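Per the numbering used here, residue 27 is the first one in the sequence shown, and the count goes up by one each step.
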Amino acid sequence: MHTIIHPLKPASRFDTTDTRPTADSRKPHYDCTELADAVALSVFLPNVEPIGVEFTVRGPDLILTARKRHIVRVNWRAAHLESAEHDYELHLRLGRGLDYDALRAEIDGDLLRVVIPKRMTTAEELRAVAA
Numbered sequence: 027m028h029t030i031i032h033p034l035k036p037a038s039r040f041d042t043t044d045t046r047p048t049a050d051s052r053k054p055h056y057d058c059t060e061l062a063d064a065v066a067l068s069v070f071l072p073n074v075e076p077i078g079v080e081f082t083v084r085g086p087d088l089i090l091t092a093r094k095r096h097i098v099r100v101n102w103r104a105a106h107l108e109s110a111e112h113d114y115e116l117h118l119r120l121g122r123g124l125d126y127d128a129l130r131a132e133i134d135g136d137l138l139r140v141v142i143p144k145r146m147t148t149a150e151e152l153r154a155v156a157a
């Protein structure tokens, strides 16, 4: 017997947004560290210039897009460089407890360092105002 699944109903009860990199991009190597008052990211992005780095925030998700320098080579098809020349795309669900507006980023060579401070809770805000 065949089962028919109505196309308008989601296949799962979870969010169906796709957080994987697109086919034209690849996921970079990264390290995420939680500090006392911030979250620190280190992302390895070879052949990326600072102007090619872009951050997007969608709810609790941080999306990092880094466009590589594209060097045109005469024999690029023979060298099989199609996948090596893809841009980088990193999707991270870091939560809503971070202050994405205060994000600080710096790139040094091939390493991008990002620091996102944590938001103050209401008790911390009251202590800061009272001080």
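Virtual Cβ for every residue (Gly too), placed ideally from N, Cα, C. These figures come from a predicted structure and were not determined experimentally.
Opposite residue i in the DSSP bridges: which residues?
i	result
T143	Just to set this straight, residue 143 is Pro in the shown sequence, not Thr. Its beta-bridge partners are A64.
K53	According to DSSP, K53 bridges with nothing at all.
T91	E80 and E115
A131	V140
L124	K144
For residue i, count neighbouring C-beta atoms within 10 Å of its own C-beta (all shown protein chains included) and say buried if the count is 16 or more, exposed if not.
i	result
A128	exposed
P76	exposed
A92	buried
E80	exposed
With a Cβ-Cβ cutoff of 8 Å, do residue i and residue j count as a contact?
i	j	result
L124	R139	no
D136	F70	yes
N73	R52	no
A64	P143	yes
V83	Y126	yes
R26	V141	Nothing can be reported for residue 26: it is not among the residues displayed for the chain, which extend from 27 to 157.
*For the segment 116-136 and the segment 82-96, state whether three or more C-beta atom pairs, one from each stretch, are separated by less than 8 Å.*
yes
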